[in-house]
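The next block holds one structure in the form of C-alpha cells; read it before the comments.
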Amino acid sequence: MQTEILGDIESVNKQGNILIIKTKEATARIWVYSDSIIRVNVSKAFNDDDKSFAVIQKPGDFKFEESADEIVIKTPVLQLHINKSPLRFNFYTANGKALSEDDPRFGINWQGDRVINYRKLYKDEKFIGLGEKTGNLNKRGSSFVNWNTDAAMHDTKTDPLYKTFPFFIGLHSGLTYGLFFDNTHKSYFDFGATTDDQMSWFGADGGDMNYYFFGAQSVAQIIEDYTWLTGRMEMPPLWSLGYQQCRWSYMSADEVLSIAERFRKEKIPADVIYCDIDYMDEFKIFTWNKETFPDPKAMIDKLKAIGFRLITIVDPGIKIEPGYKEYDEGVENNYFATYPNGEKYVGEVWAGRCHFPDFFREDVREWWGAAFTALTDPGVEGFWNDMNEPAAWGQNIPSLVKFGDKYMPEVRNAYGMEMARATYEGTRRVIGNKRPFVLTRAAYAGTQRYSAVWTGDNSAYDSHMLMGQRMVSSLGITGMSLVGVDNGGFSENPTPELMVRWNSLGVYTPMFRNHAMQGTVMREPWQWGKKNMAIIKKDIEQRYRLLPYIYSGFYQSHKTGLPLSRTLAINYTNDENGYDVKYHNQFLFGDSILVAPVESTKLTAEVYLPAGEWYRLSTREKFTGEQSIIVDAPLTDLPVFIKAGAIIPMQNVIQSTNETGNGVLEINIWHGNEPTSFVYYEDDGLSYDYEQGEYFKREITFDPNKRTIEFSKVEGAFVSRFNKIKLMGYGFEEASVSKHKLYNNSNDAIKIDL
Ligand code: MIG
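According to the working numbering, the residues represented by the sequence shown are 302 to 1055, in order.
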C-alpha cells in the first residue's frame, strides 16, 4: 500500500480568493469564510466543481504573509500558520495561543485512497460533538466511525449509527475551537483512544482532506458559526412541538381514529398521530391499503376535526412491480441507482425487491416530491423518512452501486439527507403556504435545513433513555435542534416506571414522541394504569403549558443555530462537572430550565447545579449553584430547576395547538439579582408568512434593582393570540408580584413597576 506523508512545499500562489500551495504529494487550498472560519483542502485530485452537501456560504478574500519558514493568514480572531517544510497547518488565537496544530511528524498523510490528519493532543483536551453517537459527552479517549447504518437493536456502545455529523468542538487550556471535516466517504475520528494520548486523528476512506476550522472563543459562537456555514432550521410547525403518538403500526383507519379519540376522551393533550408502514398497499410508497385505509381523506378529516395531524412514513425503496406508478415512472426515466453497466440495483426491504431513487439528481428529487400528492391530497402534513441510510436486508449495498457518476462509498452518508431534502422541497411545493414537517433517520451535516431527526431504534432500558438524552444534546452541538428519541424505547417493553419517567423527560425533549416496535405492548398513556396515566397526563400538560417558551426557543435555533436542548458544555464550558459522567446527561432546555434525567429505578438523584442560583420547579426551593445536591426524584417529579432571573412565558393547558386557549400569556419571573431578558417570539405557527414580517417579537426585561418588568414595543405585523398578560413571580419577598394581575398585551412598550 502506498503510504505518503505531506512533504515540503514547492510553490505558493494566490488565485482569486484561494491560496494554492503545492507539494510533491498534493495541492493544498485555503479559503477564508469569515474572521472565525478558515477552510483547508488538501487534495490529490481536486474537483473544481467543489460541491458540498453541507456548506451554503461562499468564501471572502484575504491577505497572507510569507517568510522563509511559513505562510501566515491572520484575521481579527484567528491565525493560521502554515509551516513550509514540511507542509503543516497550525491554528492560533489572535494573540498567539495554540488552538490546534498538526502533528509535526505525520500531519496529513495517505495510505492508498485513505486520507488522515494526525493532530496534536493537548493534555487537558476534551472533545464534544459528532452528533448521534453512543458514549460520553466528552469523547476524549473514544473513537468513532461515520457510515450511515440501519442500526436496529443497537446498544449503548454500537457505532456507527444512522447519521454522519463530522463536526466536533475541541476544548483545552480554557480555549475553544471547532473542526468540520466535510467529506461524505466513510470517516473516522479518534480522540486519543488508541494513540497513547499522543495524537488525535480523523480521516476518511477517500476524497480530500477538506475541513473548516472554527476559531471563536465560545461554544455557542462556534455553533452559531457552524450553522451559519451549513444553514439553520426554519420555524417548525407549532403542532410538531406538541405531543406525538406513534406506533409500528396502527393497523387501520379505525384504529388510528380510536386512538386519537381516546386522547380527547381522557383529555390528554396531543397533536400528532402517525401511520407507520402498514398503511400502505404491500409497502408500496405513495399508496394506501384499500382495505384497512379505504378512505384516507375521510379519516384525516375526522382527525382534523378533533385537532390531530397525521404523519405518514415513506421509505426510499420502490417495489419492483410493473403497473405500480412510481416503479413505471422510475424505470422509464432512469431514476434509480444502477451498477456500472447500467443495470438497476435491486435490494430487498419491506416491499420485497426494490429499486432505489437517485436523490442526488434534481429531476429525481422533483419527481419524488411531486408524488407526495398521494399523501397531501387527502391531508397528510408530516412526512417521516425511514430506512434512508440507505437500508436493505443484508446491510451491505455493494460498492459498485452508482448514483449518477458517484459510487456508494463516496455518497452513502449523504443519501438520507438528500432524501429528506427531496421530501422537504417537494412537499413544500405541494402543500401550499404551509410548513411541512419532515423527520429523517439518516442525515449528514446540514440536514437541519430540511428536517427533524430522531435517534432510531433504541430499547426500553434506562441506559437508553439516558444515552438518548446525550444524543439529543450532542445533535444540538451539530446544528440539529428539532430532535427526538422513541420515548419508552422502540424495542422491548418498558416497565410502567420507565414509561412514566421517559415521558416526563420527553416534556423537555425538543420533539416529544412516543413510539414502539411491532409486537411490543401498547404504549399509549392509558395503558399504564390510572395512577400512571395521571402522571403522564400531567407531564404532557406541562409540555403544552411551556409551548410559548419552547417556540421562542426554536426561534433562537432558527436565528442563531443554538439548539433547544443544550449540554452544559455550551453555557458552562469551563466547569469540569458538566463533563463528569455523573452529570453529563444534564442539560438546559432553552435559556433557563435545567433538567437532570434520572433512571426510573432511582427515586433520589444527585444533581449538579452550575454557577448562579436555581429554584426547583416543583417546590420553588432555592439553591446556590456550583454544588451538587441530593434531591428527591419521585416518578411524579423529574428534577427540573429554574435559573434565578428566568423569564418563562407559558400558557394555559390546551388539548392541541389547534386551540387558541384562554388568550392569557403567563410571564413567570423567577427572582434573581441581576437584570435578565428574554426574546419572546410568536407567529401563526403554520405558514411561511413570518418570512414576510408576519410575526410578533419583543424583548421582556426584568430588572430587580429598578424593580421593573418591561416589554419592548412589538416588532412585526402579527397579532398575538394572547390578548392578556399575567405576571407570576417566584422567589420575590413581597407577595405583590404574584397577585396575578392581568395586563393588556398591546403592541406598545409596556412598563410594569413591581
Ligand atoms: O425495519 O417502519 O426506525 O421507527 O417503526 C424497520 C417500521 C423499519 C425502522 C424505524 C422504526 C419504524 C420501523 N422501521
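Just so you know, even glycine gets a beta-carbon here, dropped at the ideal spot from N, CA and C. Please read all numbers here as calculations on a predicted model, not as lab measurements.
1. Would you please verify whether the beta carbon of Asp526 is less than 9 Å from any beta carbon of chain C?
2. Tell me where the alpha helix (DSSP H) around Tyr852 begins and ends.
3. Sort out for me which residues DSSP pairs Glu914 with in a bridge.
4. On the three-state DSSP scale, how would you describe Asp984?
5. Is any heavy atom in the ligand MIG found nearer than 8 Å to the beta carbon of His816?
6. Would you list, in sequence order, the uninterrupted alpha helix (DSSP H) runs of no fewer than 4 residues that lie entirely inside the segment 750-831?
7. Where Thr868 and Val632 are concerned, what is the direct C-alpha to C-alpha distance, given to the nearest angstrom?
8. Need the endpoints of the beta strand (DSSP E) that Thr394 sits in, please.
9. How many Å lie between Ser488 and Lys440 at the Cα?
10. Under the three-state reduction of DSSP, which class applies to Phe564: helix, strand or coil?
11. Please find out if some non-hydrogen atom of the ligand MIG comes closer than 8 Å to the beta-carbon of Trp651.
12. Give the C-beta separation of Met454 and Asp758 to the nearest angstrom, bearing in mind that I take them to be a contact with Cβ-Cβ under 8 Å.
13. Which of helix, strand or coil does DSSP assign to Arg844?
14. Under 8 Å: does the beta carbon of Gly695 sit that close to some heavy atom of the ligand MIG?
15. So within the segment 647-700, which uninterrupted beta strand (DSSP E) runs reach at least 3 residues, ignoring any that extend past its ends?
16. Hey, which unbroken runs of the alpha helix (DSSP H) at 4 residues or more fall wholly within the segment 573-635?
17. Using DSSP's beta-bridge definition, name the partner residues of Asp1054.
18. Helix, strand or coil for Trp549, going by three-state DSSP, please let me know.
19. What's the gap between the Cα of Pro623 and the Cα of Asp629?
20. Nearest-angstrom Cα distance between Tyr334 and Met536?
21. Hey, out of Lys603, Phe609 and Gly727, whose CA is closest to Asp664's CA?
22. Hey, Val378 and Ser337 are a contact pair by Cβ (cut 8 Å); roughly how many whole angstroms apart?
23. With distances taken Cα to Cα, identify the nearest neighbour of Gln518 among Asn878, Asp491, Trp502 and Tyr478.
24. Going straight from the alpha carbon of Glu975 to that of Asp577, what length do you get?
25. Taking the beta carbon of Arg666 as the centre, do at least 16 other beta carbons fall within 10 Å, making it buried, or is it exposed?
26. Report the partner residues of His473 according to the DSSP bridge assignment.
27. Taking the alpha helix (DSSP H) that Arg730 falls in, what are its first and last residues?
28. Assess, as a yes-or-no matter, whether the segment 1023-1037 is touched by the segment 954-974 under the definition of 3 or more beta carbon pairs within less than 8 Å.
29. Inspect the beta-carbon positions of Lys620 and Arg654 and report whether they are closer than 9 Å.
30. Taking Cβ to Cβ, would you say Phe514 is nearer than 9 Å to Phe490?
31. With a 10 Å radius around its C-beta and 16 neighbouring C-beta atoms as the bar for buried, classify Thr902 as buried or exposed.
32. So, is Ser782 buried or exposed, given that buried needs 16 or more other C-beta atoms within 10 angstroms?
33. Taking 8 Å as the cut-off, is the C-beta of Met768 nearer than that to any heavy atom in the ligand MIG?
34. Using 8 Å as the cut-off, classify the Cβ of Gln819 as near or not near the heavy atoms of the ligand MIG, replying yes or no.
35. Since Leu1043 sits in a beta bridge, which residues does DSSP pair it with?
36. Taking all protein chains shown into account, do 16 or more other C-beta atoms lie within 10 angstroms of the C-beta of Leu701, making it buried, or fewer, making it exposed?
Reading from the atomic positions:
1. Considering every chain present, this structure includes no chain C. It has just one protein chain.
2. Leu848 to Thr861
3. Thr925
4. strand
5. yes
6. You should have 763-778 and 797-807.
7. 47 Å
8. Arg389 to Thr394
9. Looking at the two C-alpha atoms, the distance is approximately 16 Å.
10. Helix, per DSSP.
11. Trp651: yes, Cβ under 8 Å from the ligand MIG.
12. Right, the Cβ-Cβ distance comes to about 7 Å (below 8 Å), so this counts as a contact.
13. helix
14. Taking the Cβ of Gly695 as the reference point, every heavy atom of the ligand MIG lies at 8 Å or farther away.
15. Here the runs fully enclosed are 648-650, 653-656 and 683-686.
16. 597-606 and 626-633
17. Thr1009
18. coil
19. 6 Å
20. Using only the alpha carbons, I get a separation of about 26 Å.
21. Among Lys603, Phe609 and Gly727, the Cα nearest to that of Asp664 is on Gly727.
22. 5 Å
23. Tyr478
24. 49 Å
25. Arg666 is buried by the Cβ-count criterion.
26. BP columns for His473 point to Leu476.
27. Met709 to Val731
28. yes
29. Annotated as proximal: Lys620 and Arg654, with beta-carbon spacing under 9 Å.
30. no
31. exposed
32. Buried, since its Cβ has 16 or more Cβ neighbours within 10 Å.
33. no
34. yes
35. Lys1027
36. exposed
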